[in-house]
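The numbering of the sequence shown is the working numbering, which starts it at 20 and goes up by one.
Below you'll find the structure, written out as structure tokens, and then a few comments.
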Amino acid sequence: MAKGFTLAPSILSADFLHLEDAIQAAEKGGADWIHIDVMDGHFVPNITMGPVIVKAVRRATRLPLDVHLMIETPQRYLEDFAVAGADSLTVHVEATTDLEQVTQAIRDLGLRAGVAINPGTPIGRVKKALERIDLLLVMTVNPGFSEQTFMPGPLQEVEQLRELKLQRRTKALIQVDGGIDARTAPLAAQAGAEIFVAASAIFKHKEGIAAGIEAIRGSLATLETQGAPLADPADT
Ligand code: DX5
Ligand code: ZN
20 MAKGFTLAPS
30 ILSADFLHLE
40 DAIQAAEKGG
50 ADWIHIDVMD
60 GHFVPNITMG
70 PVIVKAVRRA
80 TRLPLDVHLM
90 IETPQRYLED
100 FAVAGADSLT
110 VHVEATTDLE
120 QVTQAIRDLG
130 LRAGVAINPG
140 TPIGRVKKAL
150 ERIDLLLVMT
160 VNPGFSEQTF
170 MPGPLQEVEQ
180 LRELKLQRRT
190 KALIQVDGGI
200 DARTAPLAAQ
210 AGAEIFVAAS
220 AIFKHKEGIA
230 AGIEAIRGSL
240 ATLETQGAPL
250 ADPADT
């Protein structure tokens, strides 16, 4: 998409029997990154995929692979995901007691480091990490499943994080994930979001994957020309 806003389709809603086709359709349709939701059945009630899938997806696309770790003790698995081909690894602040060490370990592996917060988690818990991370993922649903209803409450956190970014002149990009579609993406963008993750709105769009991407991109187009984004991920 036109640079500024980044669109990251989440394969959680893709047809896993035809995953390569789905990823290539997303790439052709203008996806910027591919988002991969890793769930362990402990941090969240669902179990999804691990490094084996990341490794397979790596062979299907040249797009950056944005791996969202909804798992406990994520530090145990960072290297496995790096070897599998991840470009960014995002860990939940609620899932680790040593955010500094984990984010540094991700950077030491040569990857973008992200920190995610669930709805209701105070942003105070990520403030200290802000200077040394690349991505700040604000969940707009409680993590665990796709096709949930967008929660507007966390947009207040997005606004506060945008202010903090400006104050501290940090480059961490604000990402939103959960219930993002052509209606909710502009709301998140107005609050300060720069990266948009969407699973069902893209992979289950009734007119196909490219149409799902186009719908979200179109909904952001006016905001994009107004210069809403704060940074281009290509600069990071
Ligand atoms: C939720 C995952 C999301 C999810 C989004 O726990 O982190 O990435 O796949 O799904 P949609 O876009 O359908 O809400
Ligand atoms: Zn996700």
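Even glycine gets a Cβ: it sits at the ideal position worked out from N, Cα and C.
Item, Value
"Runs of beta strand (DSSP E) lying entirely within the region 151-183, each at least 3 residues, in chain order", "154-158"
"Per-residue burial, residue 48 [other beta carbons within 10 Å of its own, 16 or more giving buried]", "buried"
"Supposed close pair residue 200, residue 217 - CB separation, criterion 8 Å", "6 Å"
"For residue 40, three-class secondary structure by DSSP", "helix"
"Proximal residues to residue 124 (C-beta, below 7 Å), its chain only, five neighbours per side dropped", "94, 97"
"Beta-carbon proximity of residue 232 to residue 83, cut-off 9 Å", "no"
"Rounded C-alpha distance that separates residue 237 from residue 212", "16 Å"
"Beta carbon shell of the ligand ZN at less than 5 Å from a heavy atom", "56, 87, 196"
"Any non-hydrogen atom of the ligand DX5 closer than 8 Å to residue 54 Cβ", "yes"
"Nonlocal neighbours in the same chain, by C-beta distance under 8 Å from residue 207, ignoring five residues either side", "159, 174, 177, 195, 199, 215"
"Distance between beta carbons of residue 134 and residue 118, contact taken as under 8 Å", "6 Å"
"Proximity to residue 184 [Cα-Cα], best of 197, 148, 167", "148"
"Span separating the alpha-carbon of residue 242 from that of residue 210", "11 Å"
"DSSP bridge partner residues for residue 215 (one or two, in chain order)", "26, 195"
"Cβ-heavy atom distance, residue 136 to the ligand DX5, below 8 Å", "no"
"Closest Cα partner of residue 161 within the set 100, 71, 171, 50", "171"
"Cβ pair residue 169, residue 31 closer than 9 Å", "no"
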